[in-house]
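Here's the structure, in structure tokens; my notes come after.
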Amino acid sequence: MLMKTKRKLITSVIAITAVVAGSSAALAGITTNGAFLSSRLQTGGNYAWLADASTTYNCLAYAKGDTSLWDWPWGSANPNSTQVDTYLGYSGFTSVAFSSNQTGTKIISYGLTSSSIGHFAKVADANYVNAKWGTLELLQHLGWNPYSSSSSNGTYLTGTFYGEAQRKYAK
1 MLMKTKRKLI
11 TSVIAITAVV
21 AGSSAALAGI
31 TTNGAFLSSR
41 LQTGGNYAWL
51 ADASTTYNCL
61 AYAKGDTSLW
71 DWPWGSANPN
81 STQVDTYLGY
91 SGFTSVAFSS
101 NQTGTKIISY
111 GLTSSSIGHF
121 AKVADANYVN
131 AKWGTLELLQ
141 HLGWNPYSSS
151 SSNGTYLTGT
161 FYGEAQRKYA
171 K
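Residue numbers for the sequence shown follow full-length UniProt numbering, so the first one is 1 and each next one is one higher.
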């Protein structure tokens with residue numbers, strides 16, 4: 001009788017653990033407001049969640065393949081394309097204008113102009129880029145130039161717009 005009760009108790013604990021673990025996994029995912037994300041994209045809704053928000057790493061670190069640190073060597077300023085070329089050159093990357101046909105593209109830089117680069121994405125394949133949005137989620141976008149330079153609906157929104165693709169970097 002005691003053995004049967006222990007077995008039922010263990011079975012119940014396992015079942016409860018599975019339900020709780022499944023519930024927490026279901027709650028994981030995108031937490032940033034969808035309207036906010038869409039307002040910064042050329043096509044609203046052009047994102048898929050890849051990983052949770054994190055303050056550990058940013059877009060540049062992710063694009064270079066490192067999710068263990070925040071990589072922004074320019075302090076609080078946005079670099080220009082020449083500064084980015086130099087910095088990524090130390091890691092073996094070469095750059096060309098976004099409009100050129102370059103094979104082996106691994107990273108794309110984005111900015112409102114080439115004088116103010118504020119975002120980076122990692123090329124996932126011929127049609128997609130993956131990018132960490134600052135302290136927000138890691139997202140995937142269709143196309144290599146998904147970001148907007150201003151609000152798509154004409155209203156003023158505070159915050160950063162990543163802007164157009166500026167350069168491609170290959171290794």
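Beta carbons: idealized from backbone N, C-alpha and C, even for Gly.
Remember, predicted model here, so these are calculated numbers, not experimental data.
| Query | Result |
| --- | --- |
| According to DSSP, residue 49 sits in a beta bridge with which residue or residues? | 139 |
| Below 7 Å between beta carbons: does that hold for residue 109 and residue 166? | yes |
| Would you kindly work out how many angstroms separate the C-alpha atoms of residue 73 and residue 58, rounded to a whole number? | 12 Å |
| Could you name the residues of the same chain whose beta carbon sits closer than 7 Å to that of residue 104, not counting the 5 residues immediately before and after it, in chain order? | 170 and 171 |
| Can you check DSSP and say which residues form a bridge with residue 116? | 113 |
| Measuring only the C-alpha atoms, how far is residue 80 from residue 88? | 12 Å |
| Taking C-beta to C-beta, are residue 50 and residue 61 nearer than 7 Å? | no |
| When the cut-off is 7 Å and only beta carbons count, does residue 88 lie next to chain C? | Here there is only one protein chain, and chain C is not present. |
| Taking only three categories from DSSP, how would you classify residue 149? | coil |
| Residue range of the beta strand (DSSP E) that residue 196 falls in? | Residue 196 lies beyond the stretch modelled for the chain, which goes from 1 to 171, so this question has no answer here. |
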